Every structure is written in C-alpha cells, then in structure tokens.
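Take a look at the structure set out below.
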Amino acid sequence: MIKQNISLKKYNTFGIDAKTRFFSEILNEKDLIEKIKKCKKTPFRILGEGSNILLTKDYKGYTFIIKNKGINIIQENESEIVVEVQAGENWHNFVLWALEKNYAGIENLAFIPGTVGAAPIQNIGAYGVELKTVFKSCRALEIETLTFKIFKKEDCDFEYRSSIFKKQFKEKIIITSVCFVLHKPPHKINTDYDPLKNALKGKKNTIQNIANAVINVRKSKLPDPSKIGNSGSFFKNPIINKDKFLELKNKYPDIPNFFEPYNKIKIPAAWLIEKIGYKGKRFGHAGIHNKQALVIVNYGNAEGSDILMLANQIKEKILIHFGIKLEFEVNLF
C-alpha cells in the first residue's frame, strides 16, 4: 500500500520531522519491482532503518523502506558457512543470530545500527574489523534495467567507510540480499583494538565475550537514538599523508594516529573536534555529544538544516585549524 504525505520522523534515528509525498514498505523483490514501475517519472529513494542518514528537506517523490527478512545458510563445510541475509534484516539481530549459532566473524560489529542491506554500501566497521572481511557477494536490482546482478567481493571496491555502491553505483542499484562467510570453531578472533583489549581484561576471548564488550563500550560512548536523536559517527576519520602528519605532530605532540597502507596515517576526527573545543557544545536544538565528539545530536526539535549547518561549521573550523578536510560518514538526503 502506498501512503501519502507521511512524516519520516520515526524512520530516521536523528528524529528529523521531514515529510515524503509518497511512502511504502518493500516486502520482497517482486514488490520492489512493481513499486518502482509505479513511480514512472516520479523520483524515488530507498531507506533502511534511517540510521546513517540526515534528512535535510521534505521529499516530493516516493520513499521506500526495505523490509524483506530472512537468514539462510546456503553453503557449509567443516570450517565455515555461507549465509544469505535479506537486506531488510536488522544488522545487530544478524550478529545475535551468528553468536547464538557460534559462528565467528562479525562479533566486533555488534550493536551497529541499520540494516544488512545498507552495511556493504558503507563498508561498516568497528573495533578493528570491517564488513569486507566477511563479505562474499550481494544481490542487487539494477534500477535502469530492472534486472538482478550479483556483485562479488572483488567487484565492490571496498575502502574505509565506502564502496562501489556509494560511488559509481550510487542510486543506480538496490541491494536485496547479502552473502557472508562466517567461521565455525576454533575461532580466529580480533582483539587488537586497545579499548576492546581493556574491556576484555580478565575474560576469555570468546566471540560472545567480544560482542558483549563491544556492546558495553558502544553503549558507554554513544547516545541511544530512542532518547536523543543521532546517527552515530557523523564524520569519517581523516587519512593523511606522512608529511602532513609530521607537520601536525610537531605542533601537537599528543596527536593520536593509526598507520594505514601506502604510508598513510589515520587521525581520529573526534580528537580534532575536541581540540577546537566543540565536544559537548550545544547550538540551539543541535549539538555535539558530551561523551563522543564524533556524534552530532538532535535535542528534540532540530531540523535537518540545523544539523547540517553545525556539521559544516565543524568542517570549516577543522580545515582552518589543522588544514584537514573532514568528510561526512552520514549520507545526506
């Protein structure tokens, strides 16, 4: 059923009260094709759980929410499984499913909001693990031809918080399911990330304990969107060259850093934002969270334009102070 003039406030974790002219949920692939055909020349867009977006204005077209569900093991051997997950499944629920079945690979990615279908677009990552490490393939609808294509891992150009789906295939395909490779015991686990190591002190390195530690750390740092509107990390951590890093290191000896391939260095954006004094600041109905400077929050009545204005203000000040251009992790609509 297609509804008209619907508020999307409950469909985005920022809690922005933007409206869409037409609205419908997508339950399966057939439903998706039929509704796209109905759009004709009217524009449309696809949302999952609205956890990595900022709605900056009302939308004059169709907004479709992906709701297809299902988790099915399609291949299995002595050491691993291949599992196909429908795009509308909640990501954390999929992590819980894997933990219950004792399959390893995504425990570090526990408690990340959003849907499975959105995960490859962003190449979600946390605590030393990225989605690309377990991604096998995805099935997607090509909008122009209304035909389905399979994208294998090597097709996806996965990078830090990015993929081919965020670049050349942006708004050209719709992911309907994703296949992952998960591992049976004995598990290979990743506890290299220091905050995770600290949270695991005195505990066995099981996938269940890792997931619980990740959940506790995330809960301690990130605000609950049901209580205060936010979309998690608003900015990507910038990656700079060695010369720029040495220039900053000379001026700021305490600058934290993480080495990346090709002689690049990643700098925590939260540290940069703290250095310009914005952590915990409030500007009207919008502000920066007092526990995590990467998180911009809606105190209840902010419009998308208020959030965007604050984000651009932060970008400008970081550029002036450090000569670093921050990029949004959140997608603008």
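Count along the sequence shown from 1, add 688, and you get the number used in my numbering.
C-beta: ideal position from N, C-alpha, C; glycine also.
Predicted model only: the values in this text are computed from it and were never measured.
- Distance from Glu-1015 to Lys-924 at the Cβ level is roughly 5 Å; contact confirmed, criterion being Cβ atoms closer than 8 Å.
- Ile-898 has its alpha-carbon roughly 6 Å from the corresponding atom of Glu-795.
- Comparing alpha carbon positions, the residue from Tyr-750, Gly-805, Asp-942, Leu-936 closest to Lys-729 is Tyr-750.
- Looking at the backbone, the Cα of Asp-931 and that of Asn-951 are separated by about 10 Å.
- As the crow flies, the alpha-carbon of Glu-766 is around 12 Å from that of Tyr-791.
- Rounded to whole angstroms, Gln-692 and Asp-746 show a C-alpha spacing of 13 Å.
- Counting along the chain, Leu-934 sits inside the alpha helix (DSSP H) bounded by residues 930 to 939.
- According to DSSP, Gly-917 shares a beta bridge with Asn-986.
- Within the same chain, Cβ atoms closer than 7 Å to the Cβ of Leu-960 are found at Ile-1006, Phe-1010, Ile-1012, the five residues on either side in sequence being excluded.
- For Phe-782, the enclosing alpha helix (DSSP H) begins and ends at 779 to 789.
- Leu-720 is a Cβ neighbour of Thr-864, given a cutoff of 8 Å.
- Taking C-beta separations shorter than 6 Å and ignoring five residues to either side along the sequence, Asp-843 has no partners in its chain.
- Excluding sequence positions up to five before and after Lys-840, its CB lies within less than 7 Å of the CB of Ser-825, all in the same chain and listed in chain order.
- One alpha carbon belongs to Lys-860, the other to Ile-809, and they sit about 12 Å apart.
- Remark: C-beta atoms of Gly-805 and Gly-758 do not approach each other more closely than 8 Å.
- Inter-residue distance for Ile-769 and Leu-870 is about 5 Å (C-alpha atoms, whole angstroms).
- The way I'd put it, the region 965 to 973 does touch the region 982 to 998; three or more beta-carbon pairs between them come closer than 8 Å.
- Just so you know, the alpha carbons of Leu-819 and Ala-807 end up roughly 7 Å apart.
- As summarised for the region 807 to 849, the continuous alpha helix (DSSP H) elements at least 4 residues long and confined to that stretch are 807 to 810, given in chain order.
- In the structure shown, Glu-737 falls within a coil segment according to DSSP collapsed to helix, strand and coil.
- Non-local beta-carbon contacts of Lys-979 in its own chain, meaning distances under 7 Å to residues more than five positions away in sequence, involve Lys-909 in chain order.
- For His-1009, the enclosing alpha helix (DSSP H) has its first and last residue at 992 to 1010.
- As DSSP reads the structure, Ala-792 sits in a beta bridge with His-871.
- A direct Cα-to-Cα measurement between Asp-845 and Thr-708 gives close to 32 Å.
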